[in-house]
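**Q** Residue numbers (this note's numbering): 369 to 702.
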Amino acid sequence: MILPKLRGMPQSGRALITGISGQDGSFLAELLLEKGYEVTGMQHSGAASLGASEHLRDRLEIVEGELLEPASLRAAIEAVVPDELYHLAAPTFVPDSWEDPAGTTTAIASATGCVLQTVRQLDPSTRVFVSSSGAIFGEAPETPQNELTRTHPTNPYGIAKLAGHQLVGALREHYGLHASSGIIYNHESERRPEQFVTRRITRAAAAISLGLESEITLGSLDAVRDWSFAGDIMRAAWLMLQQPEGGDYVLGSGVGHTVAELADVAFACVGLEAERHIRVDDALVRKAESTPSIGDTSKAGRELGWEPEVSFEALIERMVRADLRSLEALPSAG
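Structure, rendered in structure tokens:
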């Protein structure tokens with residue numbers, strides 16, 4: 369079902385964002401609205417909330433669509449006929465992909481194929497950004513990884529993302545579509561769901577400082593990730609669609625940090641020592657990675673003129689401060 373309010377929109381500066389309720393969709397919507405775009409967000413049928421974009425509800429057009437239903441996905445695109453389409457919607461919590469690999473593949477790879485096919489048939493001039501992932505490299509032969517690094521994903525999520533990524537390249541080459549793939553590494557914000565380790569840590573630091581909790585249980589503290597600010601990544605996504613041709617770009621901070629470093633920064637924000645409040649559960653420790661997952665963003669810097677603006681330390685402090693405000697507003701913290 370297509371929701372109302374789509375009539376009378378201008379024929380230029382029209383953007384469609386799938387995944388509008390997530391952190392990426394919210395930061396991208398804010399950016400596009402600031403630049404004067406008419407922005408439409410795609411949400412699940414019957415969804416009551418726009419999630420991270422709820423504060424933008426009065427400034428957005430809304431269309432309903434389902435990743436697992438090609439007909440509804442096509443209908444959503446046809447209702448908007450966007451100049452720029454940002455395909456962000458996908459399962460994002462990697463461990464869940466092991467529970468439903470078929471569903472993960474459909475929601476990521478098949479949905480990406482449907483988006484690209486619809487654009488080709490409806491209006492091939494539409495510029496498309498597809499959110500890929502550094503997980504496509506998996507057990508990479510080198511670190512940091514760049515656009516030419518051999519791919520070897522090691523979980524269903526990475527495999528599905530690789531299929532979507534390769535579809536973008538194949539249809540771009542075969543049909544001349546302006547389609548771009550952002551190979552995105554871990555990107556965070558205060559809008560990240562709490563099951564992710566970054567939010568678990570920043571929220572725990574805030575809660576412990578307020579006397580609401582005493583410790584946090586984690587797995588491997590030595591795991592390395594390339595963490596950056598989601599708003600910076602979405603700025604790069606927009607820049608990609610302003611180029612003369614589509615392309616693939618690695619997007620990240622270009623710097624690796626361990627979970628222990630992240631915890632140290634988070635707890636320092638509230639004047640605490642992380643090691644006094646962390647308990648390591650061996651059952652949560654994953655197999656050590658042969659090569660750290662770090663992105664080489666040289667191409668994005670060279671061709672897009674892009675670089676992250678928010679540092680790792682500033683990002684973690686931003687998240688801790690937001691969690692403090694949230695917890696202080698709870699009746700139990702009063």
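Backbone N, C-alpha and C define an ideal beta-carbon position, used for all residues, glycine too.
Are G614 and L672 touching if we call contact CB-CB under 8 Å?
**A** One-based indexing of the sequence shown puts residue 614 at position 246. One-based indexing of the sequence shown puts residue 672 at position 304. Their beta carbons are not under 8 Å apart, which means G614 does not touch L672 by this criterion.
**Q** How would you call G620, buried or exposed, if buried means at least 16 neighbouring beta carbons within 10 angstroms?
**A** For the purposes of this step, residue 620 is taken as residue 252 along the sequence shown, with counting starting at 1. Buried, because 16 or more other Cβ atoms sit within 10 Å of the Cβ of G620.
**Q** Taking contact to mean at least 3 C-beta pairs separated by less than 8 Å, is the stretch 437–451 in contact with the stretch 485–495?
**A** yes
**Q** Does the structure place the stretch 535–545 close enough to the stretch 582–596 that three or more beta carbon pairs sit under 8 Å?
**A** no
**Q** Considering Cα atoms alone, identify which of V592, G663, I385, S658 is closest to A458.
**A** Within the sequence shown, numbered from 1, the residue matching residue 458 stands at position 90. Here the closest residue by C-alpha is I385.
**Q** For a test of the three-state rule: what should DSSP assign to Y553, helix, strand or coil?
**A** Counting from 1 along the sequence shown, the entry for residue 553 is found at position 185. Coil.
**Q** Using a Cβ-Cβ cutoff of less than 6 Å, which residues in the same chain neighbour S440 once the five nearest sequence positions on both sides are dropped?
**A** Within the sequence shown, residue 440 is the residue found at index 72, counting from 1. Excluding sequence neighbours, S440 sits near G433, E434.
**Q** List the residues that DSSP assigns as beta-bridge partners of L619.
**A** As a position in the sequence shown, residue 619 is number 251, starting the count at 1. Note: L619 sits in a beta bridge opposite I552.
**Q** What residues match up with I430 in a beta bridge as DSSP calls it?
**A** Counting from one through the sequence shown, the residue named residue 430 turns up at place 62. Its beta-bridge partners are G409.
**Q** If you measure from the beta carbon of F395 to each beta carbon in chain D, is any gap under 8 Å?
**A** Of the protein chains in the structure, only one exists, and it is not chain D.
**Q** Hey, could you find the ends of the beta strand (DSSP E) I385 is sitting in?
**A** In the sequence shown, residue 385 corresponds to position 17, counting from 1. From DSSP, the beta strand (DSSP E) with I385 extends over 382–386.
**Q** Relative to the alpha-carbon of E429, which residue among A397, E643, P612 has its alpha-carbon at the smallest distance?
**A** Your numbering for residue 429 matches position 61 in the sequence shown. Ranking the options by Cα distance to E429, first place goes to A397.
**Q** Beta-carbon separation of G624 and D594 under 8 Å?
**A** As a first step, residue 624 is located in the sequence shown; it is residue number 256 there, counting from the start. As a first step, residue 594 is located in the sequence shown; it is residue number 226 there, counting from the start. Yes.
**Q** Of the choices G481, Q611, I569, whose alpha-carbon is the least far from that of L436?
**A** Here the question's residue 436 lines up with position 68 in the sequence shown. When only C-alpha atoms are compared, the closest one is G481.
**Q** Given a cut-off of 8 Å on the beta-carbon distance, is the pair S548 and F497 in contact?
**A** Along the sequence shown, one-based indexing puts residue 548 at 180. Along the sequence shown, one-based indexing puts residue 497 at 129. Cβ distance < 8 Å, so S548 and F497 count as in contact.
**Q** Run through DSSP, which three-state label would Q513 get?
**A** The residue given as residue 513 occupies position 145 in the sequence shown. If DSSP states are grouped into helix, strand and coil, Q513 belongs with the strands.
**Q** Reducing DSSP to helix, strand and coil, say where G376 ends up.
**A** Reading the sequence shown from its first residue, position 8 is the one you call residue 376. In this prediction, G376 has a pLDDT of 38, which is less than 50 and means its spatial position is unreliable; what the coordinates show is noted afterwards. Three-state result, G376: coil.
**Q** Which stretch, first to last residue, makes up the beta strand (DSSP E) that contains R647?
**A** Counting from 1 along the sequence shown, the entry for residue 647 is found at position 279. Segment 646–648, the beta strand (DSSP E) holding R647.
**Q** Does the Cβ of A697 have 16 or more other Cβ atoms within 10 Å, making it buried, or fewer, making it exposed?
**A** Taking the sequence shown and counting its residues from 1, one reaches residue 697 at position 329. Exposed, because fewer than 16 other Cβ atoms sit within 10 Å of the Cβ of A697.
**Q** Could you check whether T659 and T519 sit closer than 8 Å to each other, using their CB atoms as the reference points?
**A** As a working note, residue 519 is residue 151 in the sequence shown. As a working note, residue 659 is residue 291 in the sequence shown. It is not a contact, given that the beta carbons lie outside the stated cut-off.
**Q** Got a sec, what are the start and stop residues for the alpha helix (DSSP H) L436 sits in?
**A** Within the sequence shown, the letter at position 68 stands for residue 436. Element bounds for L436: n/a, residue is neither H nor E.
**Q** Would a C-beta distance cut-off of 8 Å place Q391 and R654 closer than the cut-off?
**A** Reading the sequence shown from its first residue, position 23 is the one you call residue 391. Reading the sequence shown from its first residue, position 286 is the one you call residue 654. In this structure, R654 does not lie closer than 8 Å to Q391 by Cβ.
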